[in-house]
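Participant: From first to last, the protein sequence lines are chains A and C. The first sequence: position 89 = 89 (the numbering used here), numbered continuously. The second sequence: position 500 = 500 (the numbering used here), numbered continuously. Before I ask anything, let me first share the structure, which is written out below as structure tokens.
2 protein chains.
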Amino acid sequence: MTTSSWSWRYDRYEPDRERLVEALCTLGNGRFATRGSAPECTADSTHYPGTYLAGCYDRRTSVVAGERVDNEDLVNLPNWTLLRYRCLPDDGPPGGWLTPDSEDLRHSDVALDVRSGVLTCRLLFRDGRGFGLRVGHTRMVHMGAPWLAAQCTTFRAYGWSGAVEVESVLDGAVTNAGVERYQHLEGRHLTEHRTGFEADGVAWLTCRTVDPGTRIALAVRTVTRPARPALEAATRTGTVQTYRLPIAPRRSVMVAKTLALRTSMDRPAADPLTAAGDDVARAPTFPQLLATHEAAWQRLWEQGELHVPGEAGRILRLHLFHLLQTLSPHTAELDVGVPARGLHGEAYRGHVFWDELFVLPYLSLHFPEVAQSLLRYRHRRLPAARAAARRAGRIGAMYPWQSASSGQEETQELHLNPRSGRWLPDHSRLQRHVGSAVAYNVWRYARSTGDRGFLHSAGAEVLLEVARYWAGAVTFDPAPRRYRIRGVVGPDEYHDAYPGVTAPGIDDNAYTNLTAAWVLARGLDLLGELPAARRAELREQLLLDDEELARWEDVSRRLYVPFHRDVVSQFEGYGDLAELDWEAYRARYGDIRRLDRILEAEGDTVNRYQASKQADTLMLGYLFRPQELYALFARLGYRMDDETWRATVAYYLRRTSHGSTLSSLVHGWVLARQKGADAWRYCEEALLGDVADVQGGTTGEGIHLGAMAGTIDLVERGITGLEAGPEGLRVEPVALRELPRFAFTLCAGGHRGVRVRVLPGRLAVRVPASPQGALTVVLPGDRRFAVAAGEERWFRL
Amino acid sequence: MTTSSWSWRYDRYEPDRERLVEALCTLGNGRFATRGSAPECTADSTHYPGTYLAGCYDRRTSVVAGERVDNEDLVNLPNWTLLRYRCLPDDGPPGGWLTPDSEDLRHSDVALDVRSGVLTCRLLFRDGRGFGLRVGHTRMVHMGAPWLAAQCTTFRAYGWSGAVEVESVLDGAVTNAGVERYQHLEGRHLTEHRTGFEADGVAWLTCRTVDPGTRIALAVRTVTRPARPALEAATRTGTVQTYRLPIAPRRSVMVAKTLALRTSMDRPAADPLTAAGDDVARAPTFPQLLATHEAAWQRLWEQGELHVPGEAGRILRLHLFHLLQTLSPHTAELDVGVPARGLHGEAYRGHVFWDELFVLPYLSLHFPEVAQSLLRYRHRRLPAARAAARRAGRIGAMYPWQSASSGQEETQELHLNPRSGRWLPDHSRLQRHVGSAVAYNVWRYARSTGDRGFLHSAGAEVLLEVARYWAGAVTFDPAPRRYRIRGVVGPDEYHDAYPGVTAPGIDDNAYTNLTAAWVLARGLDLLGELPAARRAELREQLLLDDEELARWEDVSRRLYVPFHRDVVSQFEGYGDLAELDWEAYRARYGDIRRLDRILEAEGDTVNRYQASKQADTLMLGYLFRPQELYALFARLGYRMDDETWRATVAYYLRRTSHGSTLSSLVHGWVLARQKGADAWRYCEEALLGDVADVQGGTTGEGIHLGAMAGTIDLVERGITGLEAGPEGLRVEPVALRELPRFAFTLCAGGHRGVRVRVLPGRLAVRVPASPQGALTVVLPGDRRFAVAAGEERWFRL
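Printed below as a string of structure tokens:
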């Protein structure tokens, strides 16, 4: 009988679904990540995804349903973690290679310690002869020295003596094969492999991506205790170092591997192999690496942690762990964005979507340098967004719905409905609202951090070019005497066309139009606040004349927003669509999150119904506090108030299938902003997204980074009603029975490490000692208090 | 008769030395720079240095005086500017190729407009037949779009008609050949050239550096008016596009070239040739490029300018121009340091020294993002500095005296005395004080900008590792019961050994010891102010135990400082050296700046004399205000006061040959800090460094960036006694008859664009409108005033 368990600690959590292991046990440091839980052993190592490098993409051509498709994919790098092992007993024939799938496995136990960023597993094998082998394995991707990773494996014999044969493998014959439905896409991204060994027993492998030819080098040092020389064998794409380690009953032997990983994208510019060789030569011992790695994680926790008690707290800590290991302070050194699935799997092929909208608020408040670097990533791709707009006959910058290294559009043009087996045209690239998300992030980051250096330089270029895109994308409709935006897709991907109409896209998506108006208004604000010569430079660069700015002003005040039955229409004509019989579908299918696939398989289309995959109109309630939102409607000449907004919220809550992990998160936000006590229900749902794999198997293909970050942010900013800005720190907590007390640390008003504690009816703010001036805290009712550096103050709510 | 002139404008300055043209007319944008004044025309284009790319180094091996030397050199990139032209009159044989050296040249006029960053030249040729050709040329390296450069050349015929034949050349057969005394070094850095043409008439060239294999691509679009097709010819290393442009008397034709330059170091990662092709295809017309380029320069002037009237102001503006085009906001995107000669020439082979000590104060106050990126450049090379320390048997980080991309020591081991023709061992790498300069820059940047995000992360690692190096580099001497630092070289490179002693280095250089003590004290301060988990992480990472910290404290209080005759000794035993007969040497040699070479050629050595090449001990007076300096001495248990310090200053002023451009600058600082009215004399001397080429020909090999930046900073911070810090803006101007009024703009207290105006007996501070709080201004006598955002206040001094 085999018993197995896995868990993460801090403090322990024990979900029951084994297949989550692969994704949730990924380890990373913001520069690279490595997957997999066990000390692997397999003849066919290509089944074991290896190491993903942040920002490393390769452009390949695939043929999908007869169509030629070019796409940039996140690259699955050579696997450095592989070990193969078997028992060579003195009295008896050699045992077979032992694997976690072996029938000799008696017990396995995998644990991820999120506090220290360490993965451990323990395996117990016992064969028919009663010969036992216990395998203990510890692995990390170093959070202090971002080029290093290491693992240590111990073997202990029970009931026999002889030797353990261990093969330490470095395998470059990897492909992207982690997502089953991508199997028809070209998965080979590495070429020109070279391998070899150094005199000191270091094995190395170099290769490059096909396009743009990024050079990659891995150097692995394997040491054993007792020390033994290796039998070395190199193939074209990998190396094997074989050790025979003498073992006796109840005695242990050890194999430790240290990896240095360098690429031609690194700074300083150097030959990657030389650099990796130097790194691995300088790397300290495994225990020393472990100690510095754990200390680095401690620092991240101190800087970033949210203290929430109980089960929710445990899940939030897992979320924070995944966020920080995907987007750590090391990320700020790189040219990388926010891949929707982190560096945890190949789903969405590593592409960058709008998910940073849910990630940046947290990072701006805790790791502002990382937030800024993610915005600079967008700024570096402004030329690509400008070129995309020009190709589409537009002005300004049209950010792509999905992008990768080049910043070009990478959205698939066809997608497969696994339910019907049909390939369908994919119009999701018409989600032009992604540009507004980028502009929003720029503005909010600058407000929250006070970083006008960024806002006035790169930030202004991005924001103004997105504003300009919107001013050029509208058409004036003389009938309502308003501007309209036609042929787009909103955040709700269920609606990509009007029923019975061939042309893709819907008109006047309320979310798209309102955020476009917001971006135009902020563009004008920003031009007003820029220093004169910078304003002149940008106007010259963009050839922005007074006439065009007058148009911005006009469009920002006269964009059309559709309404029906006294609620905001998700888009023009939404109210005319048929109502879905939700109960009937739930009864028939159970899980109707992917209602689009269900209806398509039935020969119907979701475009016919008032049914949303995820929050669309209600996203407005995520982005804006009610008063901000009402002011935005008012600027457009529409009346919006609590009553209408509540009605709108209720309307769409009843018509959403939650086909995205972001959906319940956004609904939680909207309700928190309405100070609704039911906010917590959605928050709890959002917390389960990955740990319970509610999207049915998608977590195994990579975690949902936006949803993970969003849950932390929902507690910190949403439930707390917190806003950091030039006027200080505004707080207005929602009283939640389920979350009576919590605490967190953030950056505000130029102070780092400001601590906020929320208790029933009370709230404390502590400002760390520094030469800075006091922090202004603004409480409900616009009560203002100054908290001096080095002071903690308690407030009654 | 030929008349020729050159000048720079804003407003006009007309030096008389033609050979300065090459260096001072370099154009750059912080990413790359291109040299040369004229629309070149030469058969041997390798004599024309082309384009330098920031941070692009190549490692080559040379043999010097029988020794094998490895060195990283700044790479001279392919020349994109080349034009060749000649007249093809209808009636008469073709004219010869016209060059600025041609005897047909009648007039030439080269002007650099520093306000707009544009170089223009006008040439007039007239041959024996009376046929005239006027050539007008305008060139820029674009400050707004950092991958672009462009030039436009017009030709106008006088007295003949026919055609002008123009060859537009892209030449990759360049070598590093800009410094005559480096001719024995390997100058070829480019390999694997490929060339070609695109259908739209774009010529391209790709190549890579030998090591580390940086890939480089240039795409050049040439357009002519009237439009004519090109005859295209490609060689292995270059392309030529030949145009025949029909011309009539008093009619003009035009040839414009636009360059896009990309490398594999760029972000986003892309194939450089594809990226360059895209860039050049998207580039607007020459007039549009000119307009946006000029607008970008206007912004830099607004953000950075110092308004000083008269001659000094004109030179300061030239200095600022050179500083900003070497280290512009675009630099912050790159992995580059402060090359001592900018990107203006090949002297010092592009290496990075300690010169940033003179550059960072200015950048911190005007372009803080650029300052931070230069410090991050040092931080990325911390592993190399640690490795260097380990190889030298030391702990901590030992930053190299000269470095390049890899961060390794690049100082030559032999140097040539051109006067004696002898190759001599070069011990300048023993200038360990460069590490203290890096640490000092980290600390001062953080104080000036309030950027604790940087200080606590990368900054702390650098500062603590340098402190640790010093704590490990001292030896305890029981006799004076003090710590000593032996075997170093101070800033004064004349003294690299004791006379008659074989071992290199001198002991207890006062500057080295005092700055080491300062770094140790700041290291302890910093550990005290770090957040707990970050402190714990660093202590774990560096294995810093209490015992070692106690040693830091002890060393920081008991480092030995030598004195003699009531003045600080430059190093132990300096007072025992012979006095030089300065008058006799001045009489015999005139210019004795390179006294070391003179004495060596005489069979003597400067090591025997109390003679300094440049400020050494007096550098302390540049780094520290008198009160800070006295406190530093006091912490070490030495008494220092105005009297002793003035005596020390006077002592060394009499014994310095000013063999470095930094020397008079530092002396100007020291005197300004003593509120001495004679400060201006040294400042004026420093201003002449490059414009009068006072080092005798070195400006042609590249400008002296540290000295240029230092002069601006001397006026802004030195003469103004200005210090930006957490307590606000401290100002205490020196009343100088020669500089009664000036003004500048800076960043202080989180405000950008704070304007300071100094008038006799009065001073104004204007804070721009923003949501930020007031700026505190601290005047002499510790009088404190708050200046609110949007307000200007005048103060009596």
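We put the CB at the ideal spot given by N, CA and C, even for glycine.
1) Helix, strand or coil for R784 (chain C), going by three-state DSSP, please let me know.
2) Which first and last residues belong to the beta strand (DSSP E) in which I216 (chain A) is found?
3) So that I know if they touch, is there some Cβ in chain C lying closer than 8 angstroms to that of S457 (chain A)?
4) Would you identify the three-state DSSP class for F798 (chain A), choosing helix, strand or coil?
5) For L763 (chain C), count the other beta carbons within 10 Å of its own beta carbon; 16 or more makes it buried, fewer makes it exposed. Which is it?
6) So which of A:S364, A:Y494, A:P478 and A:Y498 has the shortest CA-CA distance to G874 (chain A)?
7) Is the CB of Q674 (chain A) under 8 angstroms away from at least one CB in chain C?
8) Just how far apart, CA to CA, sit E716 (chain C) and Y399 (chain C)?
9) Could you check what DSSP says for C683 (chain A) in three-state terms: helix, strand or coil?
10) Residues of the stretch 236-267 of chain A in Cβ contact with chain C at a cutoff of 7 angstroms, in chain order, please.
11) When DSSP labels each residue in this structure, what does S403 (chain A) get in the three-state scheme?
12) Could you tell me whether the Cβ of A217 (chain A) comes closer than 8 angstroms to any Cβ of chain C?
13) Measure from the C-beta of G213 (chain A) to each C-beta in chain C and report whether the shortest distance is under 8 angstroms.
14) In chain A, which residues lie less than 9 angstroms from G36 (chain C) when you measure between Cβ atoms?
15) Starting from the Cα of L632 (chain A), find the closest Cα among A:D596, A:E548, A:D604 and A:L514 and give me that residue.
16) How about G790 (chain C): is its C-beta nearer than 8 angstroms to some C-beta of chain A?
17) Count the CB pairs spanning the stretch 341-349 of chain C and the stretch 698-708 of chain C that are closer than 8 angstroms, and state whether there are at least three.
18) What residue does the alpha helix (DSSP H) around R301 (chain C) start on, and which one ends it?
19) Determine whether the beta carbon atoms of A748 (chain A) and A769 (chain A) lie at a separation below 8 angstroms.
20) Write down the C-beta distance between S657 (chain C) and I719 (chain C) rounded to the nearest angstrom, noting that I regard them as a contact closer than 8 angstroms.
21) Do you know whose CA, among C:D604, C:F131, C:G676 and C:D496, lies nearest V164 (chain C)'s CA?
22) Using DSSP with H/G/I as helix, E/B as strand and the rest coil, what is D426 (chain A)?
23) For a test of the three-state rule: what should DSSP assign to V434 (chain C), helix, strand or coil?
24) Is the stretch 425-432 of chain C in contact with the stretch 179-192 of chain C, if contact means three or more CB pairs nearer than 8 angstroms?
25) Assuming R608 (chain A) and A578 (chain A) form a contact by the criterion Cβ under 8 angstroms, report the distance between their Cβ atoms to the nearest whole angstrom.
26) Please classify T502 (chain C) as buried or exposed, where buried requires at least 16 neighbouring CB atoms within 10 angstroms.
27) On a Cα-Cα basis, can you pick out the residue from A:L538, A:V489 and A:R468 that is closest to S556 (chain A)?
28) Straight-line CA distance for S663 (chain A) to R432 (chain A)?
29) As a quick exercise: from C:S116, C:R317 and C:P626, pick the residue whose alpha carbon is nearest that of A743 (chain C).
30) Beta carbon of L259 (chain C), beta carbon of L218 (chain C): below 8 angstroms?
31) Counting only beta-carbon separations shorter than 8 angstroms, does D271 (chain C) have a partner in chain D?
32) Would you please state the rounded distance, in angstroms, between the beta carbons of L74 (chain C) and E346 (chain C)? I believe it to be under 8 angstroms.
33) Kindly indicate if chain A contains any beta-carbon less than 8 angstroms away from that of D335 (chain C).
34) Let me know the secondary structure DSSP gives H351 (chain C) once reduced to three states.
35) For the stretch 270-289 of chain C, which residues have a CB atom closer than 7 angstroms to at least one CB atom of chain A, in sequence order?
36) Taking C-beta to C-beta, are V114 (chain A) and F321 (chain A) nearer than 8 angstroms?
Facilitator: A quick look at the data gives this:
1) Start at 1 with the first residue of the second sequence, and residue 784 (chain C) comes out as number 784. In this structure, R784 (chain C) counts as strand in the three-state DSSP scheme.
2) Reading the first sequence from its first residue, position 216 is the one you call residue 216 (chain A). Taken as a continuous stretch (DSSP letters only), the beta strand (DSSP E) holding I216 (chain A) covers R215 to R225.
3) On the first sequence, position 457 is the one that residue 457 (chain A) refers to. Output row for S457 (chain A): interface = yes.
4) There is simply no residue 798 (chain A) to check, as chain A begins at 1 and stops at 797 in what is shown.
5) Translated into the one-based positions of the second sequence, residue 763 (chain C) becomes position 763. With 16 or more other CB atoms across the displayed protein chains lying within 10 angstroms of its CB, L763 (chain C) is buried.
6) In this structure chain A extends from 1 to 797, so residue 874 (chain A) is not present and cannot be described.
7) In the first sequence, counting from the first residue as 1, residue 674 (chain A) sits at position 674. Cβ-Cβ to chain C under 8 angstroms: no for Q674 (chain A).
8) Stepping through the second sequence from its first residue, residue 716 (chain C) is reached at position 716. Stepping through the second sequence from its first residue, residue 399 (chain C) is reached at position 399. Those two C-alpha atoms are separated by around 29 angstroms.
9) For this step, residue 683 (chain A) is matched to residue 683 along the first sequence. Correct three-state label for C683 (chain A): helix.
10) Close to chain C, meaning a Cβ-Cβ distance shorter than 7 angstroms, are the following residues of the stretch 236-267 of chain A: S264, M265 and R267.
11) Here residue 403 (chain A) refers to the residue found at position 403 of the first sequence. Strand, per DSSP.
12) Within the first sequence, residue 217 (chain A) is the residue found at index 217, counting from 1. No, its Cβ sits nowhere closer than 8 angstroms to a Cβ of chain C.
13) The sequence position of residue 213 (chain A) within the first sequence is 213, counting from 1. Answer yes: the Cβ-Cβ gap between G213 (chain A) and chain C drops below 8 angstroms somewhere.
14) Against the second sequence, residue 36 (chain C) aligns to sequence position 36. Result: empty, since nearest Cβ-Cβ is about 27 angstroms, beyond 9 angstroms.
15) In the first sequence, the residue the question calls residue 632 (chain A) occupies position 632. With distances taken between Cα atoms, L632 (chain A) lies closest to A:L514.
16) Taking the second sequence and counting its residues from 1, one reaches residue 790 (chain C) at position 790. It does not; no Cβ of chain A falls within 8 angstroms.
17) yes
18) For the purposes of this step, residue 301 (chain C) is taken as residue 301 along the second sequence, with counting starting at 1. Sequence inspection shows Trp at residue 301 (chain C); the Arg mentioned does not correspond to that position. W301 (chain C) -> alpha helix (DSSP H) spans F286 to G304.
19) As a first step, residue 748 (chain A) is located in the first sequence; it is residue number 748 there, counting from the start. As a first step, residue 769 (chain A) is located in the first sequence; it is residue number 769 there, counting from the start. Taking 8 angstroms as the Cβ cut-off, A748 (chain A) and A769 (chain A) do not qualify as a contacting pair.
20) Position 657 of the second sequence, counted from the start, is the residue given in the question as residue 657 (chain C). Position 719 of the second sequence, counted from the start, is the residue given in the question as residue 719 (chain C). 25 angstroms between Cβ atoms; not a contact.
21) Position 164 of the second sequence, counted from the start, is the residue given in the question as residue 164 (chain C). Cα-wise, what sits closest to V164 (chain C) is C:F131.
22) Along the first sequence, read from residue 1 onward, the residue named residue 426 (chain A) stands at position 426. It is coil, neither helix nor strand.
23) Indexing the second sequence from 1 puts residue 434 (chain C) at position 434. DSSP places V434 (chain C) in helix when its eight states are reduced to three.
24) no
25) As a first step, residue 608 (chain A) is located in the first sequence; it is residue number 608 there, counting from the start. As a first step, residue 578 (chain A) is located in the first sequence; it is residue number 578 there, counting from the start. Contact holds; Cβ gap of about 5 angstroms.
26) Within the second sequence, the letter at position 502 stands for residue 502 (chain C). By the 10 Å Cβ count, T502 (chain C) comes out exposed.
27) Numbered from 1 along the first sequence, position 556 holds the residue referred to as residue 556 (chain A). Residue A:R468 is the option with its Cα nearest to S556 (chain A).
28) Walking along the first sequence from the start, residue 663 (chain A) turns up at place 663. Walking along the first sequence from the start, residue 432 (chain A) turns up at place 432. Cα to Cα, S663 (chain A) sits roughly 19 angstroms from R432 (chain A).
29) Translated into the one-based positions of the second sequence, residue 743 (chain C) becomes position 743. For A743 (chain C), the nearest C-alpha among the options comes from C:R317.
30) Numbered from 1 along the second sequence, position 259 holds the residue referred to as residue 259 (chain C). Numbered from 1 along the second sequence, position 218 holds the residue referred to as residue 218 (chain C). Yes, Cβ-Cβ distance for L259 (chain C) and L218 (chain C) is below 8 angstroms.
31) Here chain D cannot be found, since the structure's protein chains are A and C.
32) Here residue 74 (chain C) refers to the residue found at position 74 when the second sequence is read from its first residue. Here residue 346 (chain C) refers to the residue found at position 346 when the second sequence is read from its first residue. Yes, L74 (chain C) and E346 (chain C) are in contact; Cβ-Cβ is about 6 angstroms, under 8 angstroms.
33) For the purposes of this step, residue 335 (chain C) is taken as residue 335 along the second sequence, with counting starting at 1. At least one chain A Cβ lies under 8 angstroms of D335 (chain C).
34) On the second sequence, residue 351 (chain C) is found 351 positions in, with the first residue counted as 1. Three-state result, H351 (chain C): coil.
35) A270, D271 and R282
36) Locating residue 114 (chain A) in the first sequence gives position 114, where the first residue counts as 1. Locating residue 321 (chain A) in the first sequence gives position 321, where the first residue counts as 1. It is a contact, given that the beta carbons lie within the stated cut-off.
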